[in-house]
Every structure is written in structure tokens, then in C-alpha cells.
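I have placed the structure first, in the form of C-alpha cells, so that the comments after it can refer back to it.
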Amino acid sequence: MPLDWRSAIVTALYKKGSRTDVSNCRPVNLTCITCKLMESLVRDHVMKFFISNKLFSNCQYGFIKGRSTVLQLLHILDKWTKLLDEGRQVDVIYTDFEKEFDKVPHKRLLSKLRSYGVREDLIVDSKLSFSDDIYN
98 MPLDWRSAIV TALYKKGSRT DVSNCRPVNL TCITCKLMES LVRDHVMKFF
148 ISNKLFSNCQ YGFIKGRSTV LQLLHILDKW TKLLDEGRQV DVIYTDFEKE
198 FDKVPHKRLL SKLRSYGVRE DLIVDSKLSF SDDIYN
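Numbering follows our numbering, in which position 100 of the sequence shown is assigned residue number 197; successive positions increment by one, without gaps.
Listed below in C-alpha cells is the structure:
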């Protein structure tokens, strides 16, 4: 991908909480339309590869066509109802990973993509974007 396509304007997008606290914002990269189209094509190709090679867990919901987080909630509620109908106990622990999704360890992600068999030429150019990754 040409360097011009990879340059972006980074802006802070407010999430919630105090507007004066920087940790309540997340960075958003504004790139050119051509770059966004290229990203979309690569994403679609990688998704097809992962789905056809069954690299997603059956527990993976969200970000996969036909497997929304709403479907996940319906599925788990069905399981819980069945267990309760059988007189069994259901223990639930709620966790909030919201802020963790803003901190992707990119070097680990690239390593996993390689281990899953994603072509190296799709990964090599990505290294340039993550060379100053502060989350590794």
C-alpha cells in the first residue's frame, strides 16, 4: 500500500465520563477513501480465510456475519433457562473489558495471524504501522 494511503489524521473520539479525562477518549484514524476500500477488501479476504479454515471458536460472537452479540445473549439465556429448569445452579461473573479493546497488542496479533497461515505479504506492510506500538 502506498505511504500516502497509510497516512492518517488521528483524532480523539469521546466515549463517556468526564470530557476532561483523556482516558475517556479513544484515538480514531481518519484515512483516505482508497485506503478504507483497500482495508475492506483485505478484511473480507481474511474473514473468508478464517471462516473457511474454521479458525473462529464456536464461542466467538460479534464481528462475524450472522453471529451477533444479541444472538450470543439469546443463546446463553437459553442455556441458563434449560439449566434452571433442570434444577441446576447457574453462577455468573460479569466483567467489563471495554477499555481493554482499545489496547490491542499488535505484535502479538501479527504473530497470531502468521500462525494461522495468513499470507506474509498481507502482514509485512502492516509492520510499518505498528513499529511504535506502545502496548507491547
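For every residue, glycine included, the Cβ atom is placed at its ideal position computed from N, Cα and C.
Item: Stretch-stretch touch, CB-based, cutoff 8 Å, three pairs: the stretch 137–152 with the stretch 111–125; Value: no
Item: Contacting residues, own chain, Cβ-Cβ under 6 Å from L180 (five flanking each side not counted); Value: V187
Item: Cβ shell of L110 (< 7 Å), same chain only, five flanking positions each side left out; Value: C122, R123, V125
Item: Simplified DSSP assignment, three categories, for L127; Value: strand
Item: 6 Å CB neighbourhood of R164 in its chain, flanking five on each side removed; Value: Y158
Item: The ligand GDP heavy atom lying under 8 Å from the CB of L174; Value: In terms of ligand content, the structure shown is empty, and the ligand GDP therefore cannot be addressed.
Item: Anticipated Cβ contact below 8 Å, L219 with V139, distance rounded; Value: 6 Å
Item: Cβ-based neighbour list, Y213, same chain, cut-off 6 Å, excluding 5 preceding and 5 following; Value: L152
Item: V143 to G184 span [Cα, whole Å]; Value: 44 Å
Item: Helix, strand or coil at R164 according to DSSP, with G and I counted as helix; Value: strand
Item: Cβ neighbours of D230 in the same chain (closer than 8 Å, five flanking residues each side left out); Value: Residue confidence for D230 is low, a pLDDT of 39 falling below 50, so the modelled location carries little weight; the figure read from the coordinates is stated next. Excluding positions up to five away in sequence, the list reads P202, H203, K204.
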